[in-house]
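As given, the protein sequences belong to chains G and D, one line each in that order.
Going by our numbering, the final residue of the first sequence carries number 405, and the count climbs one at a time with no gaps.
Going by our numbering, the final residue of the second sequence carries number 689, and the count climbs one at a time with no gaps.
A virtual CB, placed ideally from N, CA and C, is assigned to each residue, including glycine.
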Amino acid sequence: MIRVNDLRVRLDGNPIVDGVDLDVARGEWVMVIGPNGAGKSTALRAIGGLLPFTGTVELNGRPVDTLPRRERAKTIAMVNQTPTVPPAMRVLDYALLGRTPYIPPLGRESATDLAAVEEVLESLDVAQFAGRRLETLSGGERQRVFLARALAQGAGILLLDEPTSALDIGHQQEVLELIDRLRAERGLTVLATMHDLSVAGEYADRMVLLAGGTVAAAGPARAVLTEENLAEHYRVRVRIIEGEHGPLVVPVRG
Amino acid sequence: MTALLRDNRSAVLKPAGLRAGWLAGGVVAVLIALIAGLAFGSVSLPPAGVAVEMLNLVPGVHLHSGLSDREVAILTELRLPRVVLGLLVGGLLALAGAAYQGVFRNPLADPHLLGVAAGAGLGVTAVISLRAGATGDATADLPIGVPVAAFAGALLAVALTWLLGAAGGRDRSPATLILAGVAVSSFLAAGQTFLMQQHVDTLREVYSWLLGRLATAGWHDVLIVLPYAVVTAVIVLAQRRELDVLTVGDEEASGLGLHPQRSRYLLIVAASLGTAAAVSVSGLIGFVGIIVPHTMRLLAGPSYRSILPLSVLFGGAFLALADLLARTAGGQAEIPIGVVTAFFGAPFFIVVLRRSRAGAA
């Protein structure tokens with residue numbers, strides 16, 4: 152469960168996130184959309200406790216900035232837009248990094264840690280790559296390994312920054328279906344940013360449209376993905392077509 | 329572990345870490361370097377007898393080695409401190425290099441290329457030049473204050489290099505930091521030259537130190553460097569898993585529950601302390617910090633959990649053997665050990681540079 156109240160973040164003195172309120176219920180998937188520079192990634196990083204902010208961010212009822220780091224890492228896991236791929240690191244070792252909050256200083260991975268990672272790799276269908284170097288995997292496989300590391304943290308809340316931006320539409324759909332399945336199986340709470348509006352609308356329980364660091368619209372996809380909203384905040388002419396799982400956004404030439 | 333975590337050779341996968349085989353290999357390398365370093369020189373001694381004498385140093389062991397008293401004296405009073413110092417200094421420089429490479433996420437980082445050694449050198453020169461009543465005796469024992477001055481110089485240098493390198497902005501390439509290190513090195517070397525010119529009376533002493541002090545090593549030098557070596561090794565090795573986590577970047581490491589900045593400062597201070605201690609007793613010996621960790625990385629994998637301990641062992645063995653070459657290959661005159669390591673290190677550095685360029689492209 153995420154509860155954000157009046158979140159404000161300044162980077163180099165500039166207000167990037169400027170008073171955002173946002174709630175994600177347990178087990179819910181909320182998609183944050185908005186034009187480039189709207190503050191989506193910054194808001195996500197602040198919610199993950201990775202940037203200084205003002206306002207309140209509560210995770211499962213506890214303020215994120217009062218959680219000890221290890222405790223925080225067991226509560227919330229984040230996958231960056233473009234995670235660093237450490238040279239020559241094997242998939243197994245990369246996923247095991249997710250167990251860091253459970254490994255005592257000076258300690259090593261326990262059988263429990265190995266079992267947890269093994270289970271995650273299997274459920275993401277990447278166990279067969281465990282001994283391969285991360286850089287030898289394709290984009291889609293790699294994205295699943297990034298997810299595996301986050302899931303290995305055993306956190307109930309998942310923050311995903313553009314989880315599909317590097318993927319073709321086939322793999323995009325595959326990864327989003329996977330996240331949706333994991334969310335159902337593990338009762339995960341998911342907060343993600345997305346650029347593809349139609350896809351975001353299809354998977355989201357609710358959407359939040361950020362513009363200029365503030366919430367411009369929030370609610371179910373149908374309420375947020377309107378021709379007026381998108382014209383105003385993206386400066387784009389679109390046609391909204393009613394789809395099977397939500398509105399489909401089609402840009403039309405102005 | 330189930331069958332799923334097996335690689336295609338159907339061996340069960342183990343998490344990254346130090347493998348027993350590599351650890352044993354490192355210990356064997358150290359023993360070989362130790363025995364070879366003790367047995368060969370201006371007077372050659374039988375390696376078997378040397379090995380027996382080493383066992384005799386263990387309390388309670390008295391075995392007959394077949395060596396004369398004079399030979400035993402050469403062994404324990406002249407050669408042993410020199411070889412032990414070589415092992416310590418080599419281990420420290422390699423460990424410091426590996427730590428810097430992890431902290432700066434830069435494959436080219438090395439105590440010399442970052443200017444740390446030059447900073448330590450300036451510190452040592454200052455102490456030798458400025459101490460009251462300097463004798464000018466080139467073989468005199470170094471004052472106890474030398475490592476402290478070297479440490480201060482080393483920290484100053486690494487801070488300058490870091491700040492100068494950071495001026496390149498967020499997306500700086502590995503080369504930017506090294507260029508900064510070169511600039512800082514030149515600056516500090518200029519300061520050192522100035523000090524040396526101002527205190528001509530101590531010039532000979534400083535030069536003798538600069539070219540490598542392993543030649544005049546006695547147990548005094550070993551005792552000076554030992555405490556620093558222990559502190560450095562304990563701190564750096566304790567951070568071995570943190571260094572692996574840091575490879576994913578500071579923000580993600582923080583998200584995984586670490587304090588990246590805290591680890592980084594701790595490691596920089598410890599590595600600089602180790603470099604300073606090594607430089608203060610041995611002079612300027614280059615490239616050990618880059619050759620050894622990279623070889624370990626290529627052979628035993630990218631995890632710092634294996635690179636760090638193996639760097640200590642193989643770094644020590646490498647420098648002890650380089651020292652053996654330095655004092656035997658040149659005939660009458662010893663070759664400065666820094667010349668030997670540079671001879672191997674410079675070509676190696678070019679290979680590493682090419683690889684890191686290829687990786688960045």
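Mind listing the chain G neighbours of residue i? Cutoff is C-beta to C-beta under 8 Å, in chain order.
i	result
Gly449(D)	Chain G residues near Gly449(D): none, gap ~32 Å exceeds 8 Å.
Val562(D)	Ordered by position in chain G, no residue passes the 8 Å Cβ test against Val562(D), which lies about 11 Å from the chain.
Between the alpha carbons of residue i and residue j, how many angstroms are there, rounded?
i	j	result
Asp319(G)	Gly291(G)	8 Å
Arg213(G)	Gly370(G)	25 Å
Leu275(G)	Gly354(D)	39 Å
Val680(D)	Pro435(D)	8 Å
Ile360(D)	Ala645(D)	8 Å
His396(G)	Glu378(G)	18 Å
Val366(G)	Val359(G)	7 Å
Pro252(G)	Leu376(G)	39 Å
Thr467(D)	Ser608(D)	Note on Thr467(D): pLDDT 45, under 50, position unreliable in the model; no value is reported.
Gly258(G)	Met229(G)	24 Å
Arg433(D)	Ala374(G)	46 Å
Pro203(G)	Val534(D)	50 Å
Gly464(D)	Thr530(D)	Summary for Gly464(D): the model assigns pLDDT 46, below 50, so the residue's position carries little reliability, and this model does not support an answer.
Tyr632(D)	Ala437(D)	15 Å
Gly673(D)	Pro439(D)	13 Å
Ala197(G)	Arg250(G)	22 Å
Ala246(G)	Ser610(D)	42 Å
Ala351(G)	Ser582(D)	28 Å
Ala648(D)	Leu218(G)	49 Å
Val403(G)	Ile391(G)	10 Å
Gly365(D)	Pro256(G)	38 Å
Arg683(D)	Phe677(D)	10 Å
Gly658(D)	Gly369(D)	11 Å
Leu412(G)	Asp312(G)	The displayed coordinates of chain G run from 152 to 405. Any statement about residue 412(G) would go beyond what the structure contains.
Tyr385(G)	Asn187(G)	9 Å
Val296(G)	Tyr354(G)	21 Å
His346(G)	Thr453(D)	60 Å
Ser393(D)	Ile363(D)	14 Å
Along chain D, in chain order, which residues have C-beta atoms closer than 8 Å to that of residue i?
i	result
Gly199(G)	Gly583
Met358(G)	Per Cβ cutoff of 8 Å: no residues; Met358(G) is ~25 Å from chain D at best.
Thr235(G)	Thr575, Val576, Gly577 and Glu580
Asp244(G)	Pro343, Ala344, Asp572 and Ser631
Leu248(G)	Asp572, Val573, Val576 and Leu584
Against residue i, what residues of chain D qualify as contacts under a CB-to-CB distance less than 7 Å, listed in chain order?
i	result
Thr251(G)	Val573, Leu584, Gly585 and Leu586
Val231(G)	The displayed chain sequence assigns Asn, not Val, to residue 231(G). Near Asn231(G) (Cβ distances below 7 Å), the residues of chain D are Glu580.
Using a cut-off of 9 Å between C-beta atoms, extract the partners of residue i located in chain G.
i	result
Ala566(D)	Pro256 and Leu257
* Asked: If you scan the segment 316 to 389 of chain G from start to end, which runs of the beta strand (DSSP E) of 3 or more residues do you find wholly inside it?
  -> Runs of the beta strand (DSSP E) lying entirely within the segment 316 to 389 of chain G, each at least 3 residues long, are 340 to 344, 357 to 362 and 365 to 370 in chain order.
* Compile a chain-ordered list of the residues in the segment 254 to 275 of chain G whose CB is closer than 9 Å to at least one CB of chain D. => Under the 9 Å Cβ criterion, the segment 254 to 275 of chain G contributes Ile254, Pro256, Leu257, Gly258, Arg259, Glu260, Ala262, Asp264, Leu265, Ala266, Val268, Glu269, Leu272 and Glu273.
* Would you check if the segment 227 to 247 of chain G and the segment 617 to 624 of chain D touch, i.e. whether three or more CB-CB distances between them fall below 8 Å? => No: fewer than three Cβ pairs fall under 8 Å.
* Could you please tell me which residues of the segment 298 to 326 of chain G, in chain order, have their CB closer than 8 Å to any CB of chain D? => For the segment 298 to 326 of chain G, the beta-carbon criterion of a distance under 8 Å to any beta-carbon of chain D is satisfied by Gln304.
* What residues in the segment 203 to 229 of chain G bring their beta carbon closer than 9 Å to a beta carbon of chain D? -> Listed by position, the residues of the segment 203 to 229 of chain G near chain D (Cβ gap below 9 Å) are Pro219, Arg220, Arg221, Glu222, Arg223, Ala224, Lys225, Ile227, Ala228 and Met229.
* Counting pairs of Cβ atoms below 8 Å between the segment 472 to 487 of chain D and the segment 594 to 614 of chain D, do you hit three or more? -> Yes, since at least three Cβ pairs between the segment 472 to 487 of chain D and the segment 594 to 614 of chain D fall closer than 8 Å, the two stretches touch.
* Asked: Can you find at least 3 beta carbon pairs, one from the segment 212 to 228 of chain G and one from the segment 302 to 314 of chain G, that sit closer than 8 Å?
  -> Short answer: they touch.
* Validate contact between the segment 335 to 346 of chain G and the segment 169 to 178 of chain G using beta carbons, cut 8 Å, 3 pairs -> Because the criterion of three Cβ pairs below 8 Å is met, the segment 335 to 346 of chain G and the segment 169 to 178 of chain G touch.
* To do: Kindly provide the ranges of any alpha helix (DSSP H) runs that are 4 or more residues long and lie completely inside the segment 411 to 495 of chain D, ordered along the chain.
  => Within the segment 411 to 495 of chain D, the complete alpha helix (DSSP H) runs of at least 4 residues are 444 to 458 and 474 to 494.
* Residues in the segment 630 to 651 of chain D having any Cβ partner in chain G nearer than 7 Å -> Within the segment 630 to 651 of chain D, Pro630 and Ser631 place their CB atoms closer than 7 Å to a CB of chain G, listed in sequence order.
* Asked: For the 8 Å Cβ check, are there 3 or more pairs between the segment 438 to 452 of chain D and the segment 603 to 619 of chain D?
  -> The segment 438 to 452 of chain D vs the segment 603 to 619 of chain D: in contact.
* Taking Cβ-Cβ distances below 7 Å as the criterion, which residues of the segment 328 to 343 of chain G are in contact with chain D? -> Result list empty, no residue passes.
* For the segment 152 to 163 of chain G and the segment 204 to 211 of chain G, state whether three or more C-beta atom pairs, one from each stretch, are separated by less than 8 Å. => In short, these stretches touch, since the Cβ pair count reaches three.
* Would you check if the segment 382 to 401 of chain D and the segment 572 to 583 of chain D touch, i.e. whether three or more CB-CB distances between them fall below 8 Å? => Verdict: no, contact absent.
* Ignoring anything shorter than 4 residues or poking outside the segment 630 to 689 of chain D, list the alpha helix (DSSP H) runs there in chain order. => You should have 632 to 656 and 665 to 688.
* Taking contact to mean at least 3 C-beta pairs separated by less than 8 Å, is the segment 265 to 281 of chain G in contact with the segment 240 to 247 of chain G? -> Between the segment 265 to 281 of chain G and the segment 240 to 247 of chain G there are three or more C-beta pairs closer than 8 Å, enough to call the two in contact.
* Between the segment 339 to 358 of chain G and the segment 245 to 265 of chain G, do three or more beta carbon pairs fall short of 8 Å? -> Segments in contact, no.
* **In chain order, each alpha helix (DSSP H) run of at least 4 residues that lies wholly inside the segment 499 to 555 of chain D** => Taking 4 residues as the shortest admissible run, the segment 499 to 555 of chain D contains the following complete alpha helix (DSSP H) segments, listed from N- to C-terminal end: 502 to 526 and 531 to 538.
* To do: Please specify which runs of the alpha helix (DSSP H), each continuous and at least 4 residues long, are wholly inside the segment 356 to 406 of chain D, giving them in chain order.
  => Positions of the alpha helix (DSSP H) runs, each at least 4 residues long and wholly inside the segment 356 to 406 of chain D, are given as 375 to 384 and 397 to 401 in order along the chain.
* **Meets three-Cβ-pair contact criterion under 8 Å: the segment 372 to 382 of chain D and the segment 505 to 513 of chain D** => Segments in contact, no.
* 3-residue-minimum beta strand (DSSP E) runs that sit fully inside the segment 200 to 241 of chain G, ordered along the chain -> Those beta strand (DSSP E) runs which fall completely within the segment 200 to 241 of chain G and span 3+ residues are 205 to 210 and 227 to 230.
* Contiguous beta strand (DSSP E) assignments of at least 3 residues, all confined to the segment 282 to 308 of chain G -> You should have found no qualifying run.
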